[in-house]
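Shown next, in structure tokens, is the structure this report addresses.
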Amino acid sequence: MAQIGHNRRPTPLLDRVEEPADLRKLNEEQLRDFADELRSEMIEAVSATGGHLGAGLGVVELTTALHYVFDTPRDKLIWDVSHQCYPHKILTGRRDRMRSLRQGGGLSGFTSRKESVYDPFGAAHSSTSISAGLGFSVARDFRGEDNAVIAVIGDGAMSAGMAYEAMNNAGAMNSRLIVILNDNDMSIAPPVGAMSAYLSQLISSKPFLSVRSIGRELAKRFPRPIEMAAKRAEEYARGLLTGGTLFEELGFFYVGPIDGHNLDHLLPVLKNVRDSHYEGPVLIHCVTQKGKGYEPAEAAADKYHGVAKFDVVTGKQAKGTPKAPSYQNVFAAGLIAEAEHDDTIVAVTAAMPSGTGLNKFAERFPERMFDVGIAEQHAVTFCAGMACEGFKPFAAIYSTFLQRGYDQVVHDVAIQSLPVRFAIDRAGMVGADGVTHQGSYDLAYLGCLPNFVIMAPSDEVELMHMVATSCLIDDRPSAMRYPRGEAMGIEMPARGTPLAIGKGRILREGNKVAILSLGTRLADALAAADDLAARGLSTTVADARFAKPLDEDLVRRLAREHEVLVTVEEGAIGGFATQVMQFLALEGVFDKGLKFRPLTLPDRWIDHDKPDAQIAQAGLDRAGILAAVLGALGQDELESPVRA
Numbered sequence: 053m054a055q056i057g058h059n060r061r062p063t064p065l066l067d068r069v070e071e072p073a074d075l076r077k078l079n080e081e082q083l084r085d086f087a088d089e090l091r092s093e094m095i096e097a098v099s100a101t102g103g104h105l106g107a108g109l110g111v112v113e114l115t116t117a118l119h120y121v122f123d124t125p126r127d128k129l130i131w132d133v134s135h136q137c138y139p140h141k142i143l144t145g146r147r148d149r150m151r152s153l154r155q156g157g158g159l160s161g162f163t164s165r166k167e168s169v170y171d172p173f174g175a176a177h178s179s180t181s182i183s184a185g186l187g188f189s190v191a192r193d194f195r196g197e198d199n200a201v202i203a204v205i206g207d208g209a210m211s212a213g214m215a216y217e218a219m220n221n222a223g224a225m226n227s228r229l230i231v232i233l234n235d236n237d238m239s240i241a242p243p244v245g246a247m248s249a250y251l252s253q254l255i256s257s258k259p260f261l262s263v264r265s266i267g268r269e270l271a272k273r274f275p276r277p278i279e280m281a282a283k284r285a286e287e288y289a290r291g292l293l294t295g296g297t298l299f300e301e302l303g304f305f306y307v308g309p310i311d312g313h314n315l316d317h318l319l320p321v322l323k324n325v326r327d328s329h330y331e332g333p334v335l336i337h338c339v340t341q342k343g344k345g346y347e348p349a350e351a352a353a354d355k356y357h358g359v360a361k362f363d364v365v366t367g368k369q370a371k372g373t374p375k376a377p378s379y380q381n382v383f384a385a386g387l388i389a390e391a392e393h394d395d396t397i398v399a400v401t402a403a404m405p406s407g408t409g410l411n412k413f414a415e416r417f418p419e420r421m422f423d424v425g426i427a428e429q430h431a432v433t434f435c436a437g438m439a440c441e442g443f444k445p446f447a448a449i450y451s452t453f454l455q456r457g458y459d460q461v462v463h464d465v466a467i468q469s470l471p472v473r474f475a476i477d478r479a480g481m482v483g484a485d486g487v488t489h490q491g492s493y494d495l496a497y498l499g500c501l502p503n504f505v506i507m508a509p510s511d512e513v514e515l516m517h518m519v520a521t522s523c524l525i526d527d528r529p530s531a532m533r534y535p536r537g538e539a540m541g542i543e544m545p546a547r548g549t550p551l552a553i554g555k556g557r558i559l560r561e562g563n564k565v566a567i568l569s570l571g572t573r574l575a576d577a578l579a580a581a582d583d584l585a586a587r588g589l590s591t592t593v594a595d596a597r598f599a600k601p602l603d604e605d606l607v608r609r610l611a612r613e614h615e616v617l618v619t620v621e622e623g624a625i626g627g628f629a630t631q632v633m634q635f636l637a638l639e640g641v642f643d644k645g646l647k648f649r650p651l652t653l654p655d656r657w658i659d660h661d662k663p664d665a666q667i668a669q670a671g672l673d674r675a676g677i678l679a680a681v682l683g684a685l686g687q688d689e690l691e692s693p694v695r696a
């Protein structure tokens, strides 16, 4: 185990490695110490920035072995999800930038094609590596090249259907692809040890592969029934020894399970697979331990999957005291309050029980909470089936992950007008996780669907009300979107009060400028109204509450009674503002000279940074709203109070 202290541990071997070619100059006997230094360096780096720690700790030896055995970047190494890519980043020329991880202008927390040639495929959503790897392999074959393609996928990611779609396709082809199954939960692995390692090395060796090929050729010379019987006998015999029958049935040559922390086991198997001439996909099953080598992570229930900055010696994380509950926990409280009175309410999440707050719902109603794993498509249609039978399913899924179940939202829910309730967490900017996890598009991709109720609370009380409102919508689908992070800190009711469907509210009356806000940008809208009032510009501020159905009376009034109308939303182009503009255009309001400014996320990617900085970049903060209004009026923004 790596011994980490306040003084950084010397890393003489790691200091000699700036890229994988340098690693391959070391002797195999040095790799154990090298891996310890790599683990130490990763812990030190993440302690300064926060990030995904546990998964990376579990693949230190595997990362070392892969870059040692394979000729990266010529050989393509693809990490699934890439929570575990920090050791890979350190090894591939980015060690000096690791303290910028997930910071504004710094390294991404995931693999990124624009960041390094050693990242051939960007990933942050799960279960894409085998599909991408097969694409790389086929392209290689077309070019007549011979480089290896290696996809590393975790056992959790194997719960998604896309992984099996890819394996089914790969198994039917003769394209060489190596898949590493990183099994860090012992979910499908029998105990591993010396015998298993020996069998894996034997099975992956040239003699075994040659005998296997000879056996197949001989079998083909017999009548077909005998040929098929021989093939089945060989595969099931291997399955009894190694447990690989499932993968064999999908067309993969299975090797494993092997200890993913034992370099004496890893290196021979990887070399055998590298040097074999087997035509077709190979799966190497490695068993690893998440959080390996760092005692606080090993002892933690979540294995330090995601951490804030922390003290290396104690493992204590530098988490501030929350000033208010998080929106996810407010949602959970609201849902529990409703479920106390309605036993048809059920909750579904896709591998994010704590991330959505539904772990708290499960504590109260364990039989009414379902975690379906990384399977958003299934989650949505599962909810649709329960809705058909009169239950009230709440699908709590991050905005960025709900994208993966969009066909099911359209076909299985919306077209059938089924009352599935979508609790869309992480709507808007998410900070350090960056573009792959931002909830930018849900207003656009749901807003185009007929008969869909879409709500966005401006604070935690509004969220409680919207949970209660969702429970009463029984003739069509509905969604409420809310951001990551802490709520406003205002006093909450024990239970929400249902809102009138499609009706907003006015919080401040004026006569010159109207700001119509959807969601939690309302606080900035009110602050901007103060700045406008200081300039003598009387401003109305309204909370839309609903993106659909639109409060047409409210929008009509704001457009008729003000010179400028600004909409504000933390979503991409094509969302709430589009609904407003469509209505106003058809009403002929623009023909009468209304100055309209839609404030949305810009039509470009906003990289990882602090959420407030991302909002400022998007022009959706107090200063951005003020600037938009002054621009519409043709006034100078200089010496604005908000700039002071």
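Convert by adding 52 to the 1-based position in the sequence shown; the result is the number in my numbering. Just so it is clear, CB atoms sit at the ideal spot from N, CA and C, and this is done for glycine as well.
With respect to the alpha helix (DSSP H) encompassing Asn324, which residues constitute its N-terminal and C-terminal limits? It spans 315-327 - the alpha helix (DSSP H) in which Asn324 sits, taken as one unbroken run.
Can you tell me whether Cys440 is buried or exposed, with buried defined as 16 or more other CB within 10 angstroms of its CB? By the neighbour-count rule (16 or more Cβ atoms within 10 Å), Cys440 is not buried but exposed.
Tell me which residues share the same chain as Leu105 and place their Cβ nearer than 7 Å to its Cβ, disregarding the 5 neighbours each side in the sequence. Setting aside the 5 residues that flank it on each side, Leu105 is surrounded in the same chain by Val98, Ala349, Tyr356, Val359, each with a C-beta closer than 7 Å to its C-beta; the list follows chain order.
Find the nearest neighbour of Leu114 within the set Gly158, His313, Ile142, judged by alpha-carbon distance. Looking at the Cα atoms, His313 is the closest of the given residues.
Met421 - DSSP class collapsed to helix/strand/coil: In the structure shown, Met421 sits in a strand (DSSP, three-state: E or B).
What does a CB cutoff of less than 7 Å around Val69 pick up in its chain, not counting 5 residues either side in sequence? Only Leu75, Leu143 meet the Cβ criterion.
Determine the DSSP secondary structure at Ala241, reduced to helix, strand or coil. Residue placement at Ala241 is flagged as unreliable, the pLDDT there being 39, under the threshold of 50; a coordinate-derived value is accordingly withheld.
Minimum length 3: unbroken beta strand (DSSP E) runs contained in the segment 511-597: Within the segment 511-597, the complete beta strand (DSSP E) segments of 3 residues or longer fall at 530-533, 557-560, 565-570, 591-595, listed in chain order.
Can you tell me whether Lys412 is buried or exposed, with buried defined as 16 or more other CB within 10 angstroms of its CB? Classification for Lys412: buried.
Is it the case that the segment 570-581 contacts the segment 664-679, given that we only count it when at least three CB pairs across the two stretches are under 8 Å? Proximity of the segment 664-679 to the segment 570-581 meets the contact definition, three or more beta-carbon pairs being nearer than 8 Å.
Excluding the 5 residues preceding and the 5 following Ala414 in the sequence, name in chain order all residues of the same chain whose CB lies nearer than 7 Å to its CB. Spatial neighbours of Ala414 in its own chain (CB-CB distance under 7 Å, excluding positions within 5 residues in sequence) are listed in chain order as Pro405, Met421.
Beta-carbon separation (whole angstroms), Ile182 vs Ala117, contact threshold 8 Å: In fact, because the Cβ distance is near 20 Å, the residues do not count as touching under 8 Å.
Using the C-alpha atoms, what's the distance from Glu301 back to Gln155? Distance between the alpha carbons of Gln155 and Glu301: 44 Å.
Anyone know if the C-beta pair for Thr521 and Met507 falls short of 8 Å? Going by C-beta atoms, Thr521 is nearer than 8 Å to Met507.
Is the beta carbon of Ala466 closer than 8 Å to that of Phe417? No, these two residues do not count as a Cβ contact at 8 Å.
Would you mind working out which of Ala376, Ala402, Asp235, Gly483 sits nearest Met544, comparing C-alpha positions? Nearest C-alpha to Met544 among Ala376, Ala402, Asp235, Gly483: Ala376.
Tell me the DSSP secondary structure of Lys128 in three-state form. In the structure shown, Lys128 sits in a strand (DSSP, three-state: E or B).
When you compare only the Cα positions, how much space is there between His463 and Asp527? Going from the Cα of His463 to the Cα of Asp527 covers about 16 Å.
List the residues that DSSP assigns as beta-bridge partners of Pro374. Answer by DSSP bridge pairing: none, since Pro374 is not bridged.
I'd like the list of long-range same chain contacts for Tyr288, defined as Cβ closer than 6 Å, with 5 residues on each side in sequence excluded. Note that Tyr288 scores a pLDDT of 46, beneath 50, so its modelled location is shaky and nothing firm can be said.
Three-pair Cβ contact test at 8 Å for the segment 659-670 versus the segment 629-636: Segment contact: the segment 659-670 against the segment 629-636, fewer than three CB-CB distances shorter than 8 Å; contact not assigned.
Got a sec? Which residues, its chain only, sit under 6 Å from Glu80 by beta carbon, not counting five neighbours each side? Taken in chain order, the list of residues that qualify is empty.
In this structure, how does DSSP classify His463 when only helix, strand and coil are distinguished? Reduced to three states, the DSSP call for His463 is helix.
In this structure, does DSSP put Phe413 in helix, strand or coil? DSSP places Phe413 in helix when its eight states are reduced to three.
The alpha helix (DSSP H) enclosing Tyr379, as first and last residue numbers: That run of the alpha helix (DSSP H) goes 379-391.
If the criterion is Cβ atoms closer than 8 Å, does the pair Ile232 and Pro172 meet it? A distance of 8 Å or more separates the beta carbons of Ile232 and Pro172.
Is the beta carbon of Phe453 sitting closer than 8 Å to the one on Ala402? Cβ atoms of Phe453 and Ala402: closer than 8 Å.
Return the bridge partner residues of Tyr170 from the DSSP annotation. According to DSSP, which records beta bridges pairwise, Tyr170 is partnered with nothing at all.
Backbone CA spacing between Gly110 and Lys564 [nearest angstrom]: Each residue's alpha carbon lies about 60 Å from the other.
Any idea what DSSP makes of Thr433, helix, strand or coil? In the structure shown, the three-state DSSP call for Thr433 is helix.
Can you tell which of Val519, Asp311, Leu319, Leu315 has the C-alpha that lies nearest to the C-alpha of Cys338? The shortest C-alpha separation from Cys338 is found at Asp311.
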